[in-house]
Structures are given as C-alpha cells and as structure tokens.
Amino acid sequence: MSFSLKTLILGRRLGNAQHNSLFGYLVDGLNAIGSLLIFIIMAMIVIDVLSRNLFNQPIAGVAELVAASIVMIVFLQLPGTLRHNRMAQADIFIVGFTDKHPRLGNLLMCMFFLAGAYMLYIVYAGTLPTFIRAWERQQFMGVEGVFTFPVWPIRFIVISCAAITVVQYLLLAIQSLWLAWHGQVCLTEEAEK
Numbered sequence: 145m146s147f148s149l150k151t152l153i154l155g156r157r158l159g160n161a162q163h164n165s166l167f168g169y170l171v172d173g174l175n176a177i178g179s180l181l182i183f184i185i186m187a188m189i190v191i192d193v194l195s196r197n198l199f200n201q202p203i204a205g206v207a208e209l210v211a212a213s214i215v216m217i218v219f220l221q222l223p224g225t226l227r228h229n230r231m232a233q234a235d236i237f238i239v240g241f242t243d244k245h246p247r248l249g250n251l252l253m254c255m256f257f258l259a260g261a262y263m264l265y266i267v268y269a270g271t272l273p274t275f276i277r278a279w280e281r282q283q284f285m286g287v288e289g290v291f292t293f294p295v296w297p298i299r300f301i302v303i304s305c306a307a308i309t310v311v312q313y314l315l316l317a318i319q320s321l322w323l324a325w326h327g328q329v330c331l332t333e334e335a336e337k
C-alpha cells in the first residue's frame, strides 16, 4: 500500500509534513463545530444571566437549548477525540504490552476498536428509529407558546456522528491490523520507508 493511499484510507497525520485525508478533515471539522457550539452556549448563558439580573427578563429557551446542545457537542467531538487518541482509557497495560509484543498488542487494540465500532453501531441503530419518528411526526422540544424547536436536527447529528465514529473505529482497527502484520509498535516515517 503506498503512502498516499494509506494516508487516505487510515486518515493519519504522519511526520512533519502533516498529511491528512478528506475523512480526517471531516472529523476535525466536526470537532471545530462542537467547539464553536460550546462558545455559543457559553455566550447564551452569560447573556441570559445578564438579562435576568439587569432587566429582570430571562431569555426564553436557553435551558432547553443548552440541554440539547450538550448532546450534540458530545457526538460532534467524539470522532475527533477518538482520531487524535484522546479517549479516556487506562493504558497502563496496553502501552507496555504493545512495546514488548507489538503483534499481540496491536491485535488486542484491533479487538478494542472493533468493540468500540460495535457499540457506536448500537447507538446509531437505536437512534435511527427515533430520528425517523421525530422527522415524520415533527416532534419539538420546549414549551408550546413560549419557545419550541424541532428535535430531528439533534437526532440527525447523533446518528451522523455515531456513523462517522464507527468508520473511525474501523479505520483504527485496520491500522492496528496493519501494524500487527508488520510487527510495528506505531506508524512512523521511518517505518513507512
């Protein structure tokens, strides 16, 4: 497999050249949107607090929007967190094991990534019917007559980002298999040549 094809498939940044794939740009873009959403939520909360205290006029719907946005932020940033190896994990065992036994360690990591892909597939499959129901029935969130917004965009983000995270898990599983096959601990520029 050539360097460019491997980079395109695995979506990894390699060396100082910082190569990236289209999928990598998608994942990083979703991460950026999640960060922007955090900023917007913080601004809404500050404006709501100021409005309550200075003018005795709370802004309708802030609590509902914040609650909905937290779910969206988690799923928007999940693929990027996984891609950049920032998932919370206890690597006290796997790092040392992979250093001593690269093939077995990477096979174990491959199993972990496949289990993660399966778990996110369950999230996708479980949320898809609720998305379809929210779309067909035009479900909304909030207090009718005060502030409402549709539920389907939130569920669409959840299923889309869950599917993208499944793909990211599968790409990492392929990478782990490739490393196990070649007996390498990690991808480096020297290992690529």
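When you line the sequence shown up against the working numbering, it's residues 145 to 337, in that order. Here a beta-carbon is modelled for each residue, glycine too, at the ideal position from N, C-alpha and C. The structure presented is a predicted model; accordingly, all values stated were derived computationally and were not measured.
Pull up the distance between the alpha-carbon of residue i and that of residue j, whole angstroms please.
i	j	result
Asp-172	Arg-227	9 Å
Ala-204	Leu-180	21 Å
Phe-219	Ile-301	7 Å
Glu-207	Ile-184	In the sequence on display, residue 207 carries Ala and not Glu. Going by the C-alpha atoms only, they are around 13 Å apart.
Tyr-262	Val-310	7 Å
Ile-191	Gln-221	25 Å
Trp-322	Cys-254	10 Å
Asp-235	Gly-327	19 Å
Leu-252	Pro-223	21 Å
Ile-238	Phe-256	11 Å
For residue i, collect the residues of the same chain with a Cβ closer than 7 Å to its Cβ; drop the 5 residues on either side in sequence, then sort them by chain order.
i	result
Ile-298	Ala-212, Val-215 and Met-216
In its own chain, which residues sit with a C-beta less than 8 Å from the C-beta of residue i, not counting the 5 before and 5 after it?
i	result
Phe-293	Gly-205, Glu-208, Leu-209, Ala-212, Phe-284, Met-285 and Gly-286
Arg-277	Gln-283
Ala-269	none
Thr-271	Arg-299, Val-302, Ile-303 and Ala-306
Can you check which of these residues, the options, is closest to residue i by C-alpha distance?
i	options	result
Gly-260	Met-231, Ile-238, Lys-244 and Glu-288	Met-231
Ala-324	Tyr-313, Pro-246, Pro-273 and Gln-312	Pro-246
Leu-248	Leu-174, Asn-175, Leu-170 and Ser-320	Ser-320
Trp-296	Tyr-313, Pro-273 and Pro-223	Pro-273
Ile-318	Leu-258, Leu-194, Val-239 and Val-290	Leu-258
Tyr-265	Gly-289, Ile-303 and Val-193	Ile-303
So what does residue i bridge to, in DSSP terms?
i	result
Thr-292	Gly-286
Could you give the first and the last residue of the continuous alpha helix (DSSP H) run that contains residue i?
i	result
Arg-227	206-227
Pro-202	Element bounds for Pro-202: n/a, residue is neither H nor E.
Gly-339	As displayed, the chain neither begins before 145 nor continues past 337, which places residue 339 out of reach and without an answer.
Give me, in chain order, the residues of the same chain whose beta-carbon lies closer than 6 Å to that of residue i; leave out the 5 immediate sequence neighbours on both sides.
i	result
Thr-225	Met-231
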